[in-house]
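Step one of this worksheet: look at the structure below.
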Amino acid sequence: AEFVKQADELEEKELSAWQKNFLRVALGGQKGSFISQLIASHKIAQSKLADRHRRTLYILEQQHAHAVANLEGGFRVERWKLLDDCKKKANARDEMEARLPP
Numbered sequence: 001a002e003f004v005k006q007a008d009e010l011e012e013k014e015l016s017a018w019q020k021n022f023l024r025v026a027l028g029g030q031k032g033s034f035i036s037q038l039i040a041s042h043k044i045a046q047s048k049l050a051d052r053h054r055r056t057l058y059i060l061e062q063q064h065a066h067a068v069a070n071l072e073g074g075f076r077v078e079r080w081k082l083l084d085d086c087k088k089k090a091n092a093r094d095e096m097e098a099r100l101p102p
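For the sequence shown, the UniProt record's numbering gives the first residue as 1, with consecutive numbering after it.
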C-alpha cells in the first residue's frame with residue numbers, strides 16, 4: 001500500500017512537471033517555443049511585406065515623377081512652338097505693314 005501510494009505520488013509529480021514544461025515550451029516561456037517562433041516568423045514576414053510595399057511605393061513615385069517630367073517637357077515644347085509661331089506671324093504682319101504705302 002505504501003509503495004503504491006508513493007508510486008502514485010511520483011507519477012502525479014512527473015505528470016505535473018511534464019505538463020508545466022509542455023505549457024512553458026508551447027506558450028513562449030523559452031526562445032525555442034512554438035509561440036515565440038511563430039511570433040518571430042510573423043515579424044519577419046511583416047518586415048518583408050513592409051519592405052516590398054516601400055519598394056513598390058518608391059517605384060510608383062519614380063514612375064510618376066518621370067511621367068510628370070515627360071508631360072511638362074511636351075508642354076514646354078508646344079509652348080515654344082506656339083510662341084515661335086506667334087513671333088513669325090507678328091514679323092510677317094510687320095513686314096506686310098512696312099510694305100504698304102502710308
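Glycine included, each C-beta is placed from N, C-alpha and C at the ideal position. A quick note: this is a predicted structure, and the numbers were derived from the prediction, not measured.
Check, Outcome
"Report yes if the CB atom of Ala26 is closer than 8 Å to the CB atom of Ile35, and no otherwise.", "yes"
"Between the C-alpha atoms of Met96 and Lys89, what's the straight-line distance to the nearest angstrom?", "10 Å"
"May I ask you to report which of helix, strand or coil DSSP gives Ala1?", "coil"
"Can you give, in chain order, each stretch of the alpha helix (DSSP H) that sits fully within the segment 2-64 and has at least 4 residues?", "2-27"
"Where does Leu100 sit, in a helix, a strand or coil, going by DSSP?", "coil"
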